[in-house]
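K.L.:
In this note's numbering, the protein residues as written are 46 to 422.
1. Which word fits residue 136, buried or exposed, when buried means at least 16 other C-beta atoms lie within 10 angstroms of its C-beta?
2. With DSSP collapsed to three states, give me the class of residue 172.
3. In angstroms with no decimal places, state the Cα-to-Cα distance between residue 420 and residue 286.
4. Kindly indicate which residue of 366, 344, 379 and 392 has the alpha-carbon position closest to the one of residue 408.
5. Give the DSSP-derived three-state secondary structure of residue 404 in the structure shown.
6. May I have the straight-line CA-CA distance separating residue 415 from residue 228, to the nearest angstrom?
7. Would you check if the distance between the CB atom of residue 305 and the CB atom of residue 383 is smaller than 8 Å?
8. Taking the C-alpha atoms as reference points, what is the distance between residue 418 and residue 69?
9. Ends of the alpha helix (DSSP H) at residue 345?
10. In angstroms with no decimal places, state the Cα-to-Cα distance between residue 124 and residue 165.
11. Could you say if the stretch 207-226 and the stretch 170-181 meet the contact criterion of at least three C-beta pairs nearer than 8 Å?
12. Do the stretch 147-165 and the stretch 182-189 touch if we need at least three Cβ pairs shorter than 8 Å?
13. Determine the DSSP secondary structure at residue 46, reduced to helix, strand or coil.
14. Which one of 48, 401, 377 and 142 has the shortest CA to CA distance from residue 196?
15. What are the boundary residues of the beta strand (DSSP E) that includes residue 268?
16. Could you tell me the alpha carbon to alpha carbon distance between residue 328 and residue 310, rounded to whole angstroms?
17. So for residue 148, helix, strand or coil by DSSP?
18. Using a Cβ-Cβ cut-off of 7 Å (strictly less than) and excluding sequence neighbours within five positions of residue 56, which residues of its own chain qualify?
19. What are the complete alpha helix (DSSP H) segments, minimum 4 residues, inside the stretch 199-249?
20. Does the beta-carbon of residue 219 have 16 or more other beta-carbons within 10 angstroms, so that it is buried, or is it exposed?
21. Which of the three DSSP states is assigned to residue 312 in this structure?
22. If you follow the beta strand (DSSP E) that residue 293 is in, where does it begin and where does it stop?
23. What's the C-alpha gap between residue 80 and residue 59?
24. Between which two residues does the alpha helix (DSSP H) holding residue 130 run?
25. Along the chain, where does the alpha helix (DSSP H) containing residue 423 start, and where does it finish?
26. Residue 177 bridges to which residues according to DSSP?
27. Leaving out five residues on either side along the sequence, give the residues of the same chain with a beta carbon under 7 Å from the beta carbon of residue 331.
28. Rounded to the nearest angstrom, what separates residue 204 and residue 239 at their Cα positions?
29. Can you tell me whether residue 386 is helix, strand or coil according to DSSP?
30. Determine, using beta carbons only, whether residue 103 and residue 64 come nearer to each other than 8 Å.
31. Please state whether DSSP places residue 327 in a helix, a strand or coil.
32. Provide the residue(s) that pair with residue 300 in DSSP beta bridges, ordered along the chain.
33. Locate the beta strand (DSSP E) running through residue 260, then write down its first and last residues.
34. Measure the alpha-carbon distance for residue 318 versus residue 264 and round it to whole angstroms.
35. Looking only at its own chain, which residues have a Cβ that is under 8 Å from the Cβ of residue 294, when we skip the five neighbours before and after it?
36. For residue 404 and residue 350, which I take to be in contact (beta-carbon distance under 8 Å), what is that distance rounded to the nearest angstrom?
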């Protein structure tokens, strides 16, 4: 719970100072310079008045949401000053550290568990590792004036740096625990970013449905999924077109489906709503659990899509005969085939999507930036 909810409330200077210092400047070792810096860094752009003009020096760095993240984590008072001490009382290092700890309600890079343990160590380690060099040879340099991309990196470089910062942080914490005899459980260490990506690619290939796999037309569905690219952790979802297979299995009251060809398993109820279980469930050597990436679907069975459009077309005078012949042709073809290879689905996607959207309306709006063709290779 925030002590200072700057987004919804107003506070006077005394209330702000008391919150930052946890009601006693001695929690900052009497360091008024650090207090003034905090005021300027967080609120310099928002304070007005003669006294408040003293807090403009670091206002350009716009650290309000970063300070609110520290508040959210319970780091005001002694813990806040300890973070500053770990930064060797260097304000630029502190601002970079705040960027790694994150912004309230928006993002974080270093995990709170790792930060909390570091603050307990006999010899805490730096939150930052400036020795990191990315796979492409880039050596990131922090710019405190750039709030949104302080290391001037593209998306893939950001992902790598953020991962490697936490990995390095954990590794150095564990080394400090072992070297200094702290009675603290070691943190789980992480493989390198390259190794993580290799394992991720192997897992994606392992679960991917082969092109020569046959699916019963009766079990074949089409529609869209809301796919969490963070693996169900950060709720960073994008809408993706996909095929789906009902695998003739129920777990309790839920039906087991998987996306085609990616092969992600998920559960839906009788109303088509995705169910996210609290614990992992093993299905065909894959896991459905809290981090299941598919968070929502809107899908329809292929025979139902065709039959509904045939029925609807009977009330549509314009081009009715041509459309009817086309739909009947597809129905007859699929009935005769009975099954279809995954590798052949792309041949029918355009038409099935047209018929699907004829029922549901456009899957994507014109300004939908998350528009993705889910089964393209």
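Don't be surprised by glycine CBs; every beta carbon is placed ideally from N, CA and C.
P.N.:
Working from what's here:
1. Within the chain shown, numbered from 1, the residue matching residue 136 stands at position 91. Classification for residue 136: buried.
2. If you number the chain shown from 1, residue 172 lands on position 127. Residue 172 falls in the coil class under three-state DSSP.
3. Position 375 of the chain shown, counted from the start, is the residue given in the question as residue 420. Position 241 of the chain shown, counted from the start, is the residue given in the question as residue 286. Any reading at residue 420 must be qualified, since the residue scores a pLDDT of 43, below 50, and its modelled position is unreliable; the value itself is stated next. Pairing residue 420 with residue 286, the inter-Cα distance amounts to about 7 Å.
4. Locating residue 408 in the chain shown gives position 363, counting from the first residue. Taking only the C-alpha atoms, the option nearest residue 408 is 344.
5. Here the question's residue 404 lines up with position 359 in the chain shown. Residue 404 sits in a helix when the DSSP states are folded into three classes.
6. Position 370 of the chain shown, counted from the start, is the residue given in the question as residue 415. Position 183 of the chain shown, counted from the start, is the residue given in the question as residue 228. Unreliable positioning characterises residue 415 in this predicted model, as indicated by a pLDDT of 42, which lies under 50. The coordinate reading is nonetheless provided below. Answer to the nearest angstrom: the Cα atoms are 47 Å apart.
7. The residue labelled residue 305 in the question sits at position 260 within the chain shown. The residue labelled residue 383 in the question sits at position 338 within the chain shown. Against a cut-off of 8 Å, the Cβ pair of residue 383 and residue 305 comes out as no contact.
8. Reading the chain shown from its first residue, position 373 is the one you call residue 418. Reading the chain shown from its first residue, position 24 is the one you call residue 69. Residue confidence for residue 418 is low, a pLDDT of 46 falling below 50, so the modelled location carries little weight and cannot support an answer.
9. Here residue 345 refers to the residue found at position 300 when the chain shown is read from its first residue. Taken as a continuous stretch (DSSP letters only), residue 345 belongs to no alpha helix (DSSP H), being part of the beta strand (DSSP E) at 339-346.
10. As a first step, residue 124 is located in the chain shown; it is residue number 79 there, counting from the start. As a first step, residue 165 is located in the chain shown; it is residue number 120 there, counting from the start. The C-alpha of residue 165 is placed about 10 Å away from the C-alpha of residue 124.
11. Segments in contact, yes.
12. The answer is no - the stretch 182-189 does not touch the stretch 147-165, with fewer than three Cβ pairs under 8 Å.
13. Numbered from its first residue, the chain shown carries residue 46 at position 1. When DSSP states are grouped into helix, strand and coil, residue 46 belongs to the coil group.
14. Translated into positions along the chain shown, residue 196 becomes position 151. For residue 196, the closest alpha carbon among the candidates 48, 401, 377 and 142 is that of 142.
15. Counted from its first residue, the chain shown places residue 268 at position 223. First-last of the beta strand (DSSP E) with residue 268: 265-273.
16. Start at 1 with the first residue of the chain shown, and residue 328 comes out as number 283. Start at 1 with the first residue of the chain shown, and residue 310 comes out as number 265. One Cα belongs to residue 328, the other to residue 310, and the distance between them is close to 8 Å.
17. Looking up residue 148 in the chain shown gives position 103. Residue state, collapsed to three classes: strand.
18. What you label residue 56 is simply residue 11 of the chain shown in a count that begins at 1. For residue 56, the CB contacts under 7 Å within the same chain, skipping 5 residues up- and downstream, are 49 in chain order.
19. Runs found: 200-225.
20. In the chain shown, counting from the first residue as 1, residue 219 sits at position 174. Looking at its Cβ environment, which holds 16 or more other Cβ atoms inside 10 Å, residue 219 is buried.
21. Numbered from 1 along the chain shown, position 267 holds the residue referred to as residue 312. Three-state result, residue 312: strand.
22. What you label residue 293 is simply residue 248 of the chain shown in a count that begins at 1. Element bounds for residue 293: 282-296.
23. In the chain shown, residue 80 corresponds to position 35, counting from 1. In the chain shown, residue 59 corresponds to position 14, counting from 1. Cα to Cα, the separation comes out at about 12 Å.
24. For the purposes of this step, residue 130 is taken as the residue at position 85 of the chain shown. Note, residue 130: alpha helix (DSSP H), 123-131.
25. Any answer about residue 423 is impossible in this case: the structure gives the chain only from 46 up to 422.
26. Start at 1 with the first residue of the chain shown, and residue 177 comes out as number 132. Listed as beta-bridge partners of residue 177 by DSSP are no residues whatsoever.
27. For this step, residue 331 is matched to residue 286 along the chain shown. Non-local C-beta neighbours of residue 331 in its own chain, meaning closer than 7 Å and more than five positions away in sequence, comprise 252 and 310, ordered along the chain.
28. Numbered from 1 along the chain shown, position 159 holds the residue referred to as residue 204. Numbered from 1 along the chain shown, position 194 holds the residue referred to as residue 239. Cα-Cα distance, rounded: 11 Å.
29. Taking the chain shown and counting its residues from 1, the one referred to as residue 386 is at position 341. Collapsing the DSSP output to three states places residue 386 in a strand.
30. The sequence position of residue 103 within the chain shown is 58, counting from 1. The sequence position of residue 64 within the chain shown is 19, counting from 1. It is not a contact, given that the beta carbons lie outside the stated cut-off.
31. Position 282 of the chain shown, counted from the start, is the residue given in the question as residue 327. It is a strand residue.
32. Mapped onto the chain shown, residue 300 falls at position 255. Residue 300 has 295 and 313 as its beta-bridge partners, per DSSP.
33. Numbered from 1 along the chain shown, position 215 holds the residue referred to as residue 260. Counting along the chain, the beta strand (DSSP E) containing residue 260 begins and ends at 259-261.
34. For the purposes of this step, residue 318 is identified with residue 273 of the chain shown, where counting begins at 1. For the purposes of this step, residue 264 is identified with residue 219 of the chain shown, where counting begins at 1. C-alpha separation (whole angstroms): 17 Å.
35. In the chain shown, residue 294 corresponds to position 249, counting from 1. Cβ within range, chain order: 300, 301 and 328.
36. Taking the chain shown and counting its residues from 1, one reaches residue 404 at position 359. Taking the chain shown and counting its residues from 1, one reaches residue 350 at position 305. Beta-carbon to beta-carbon, residue 404 and residue 350 are separated by about 7 Å, close enough to satisfy the 8 Å threshold.
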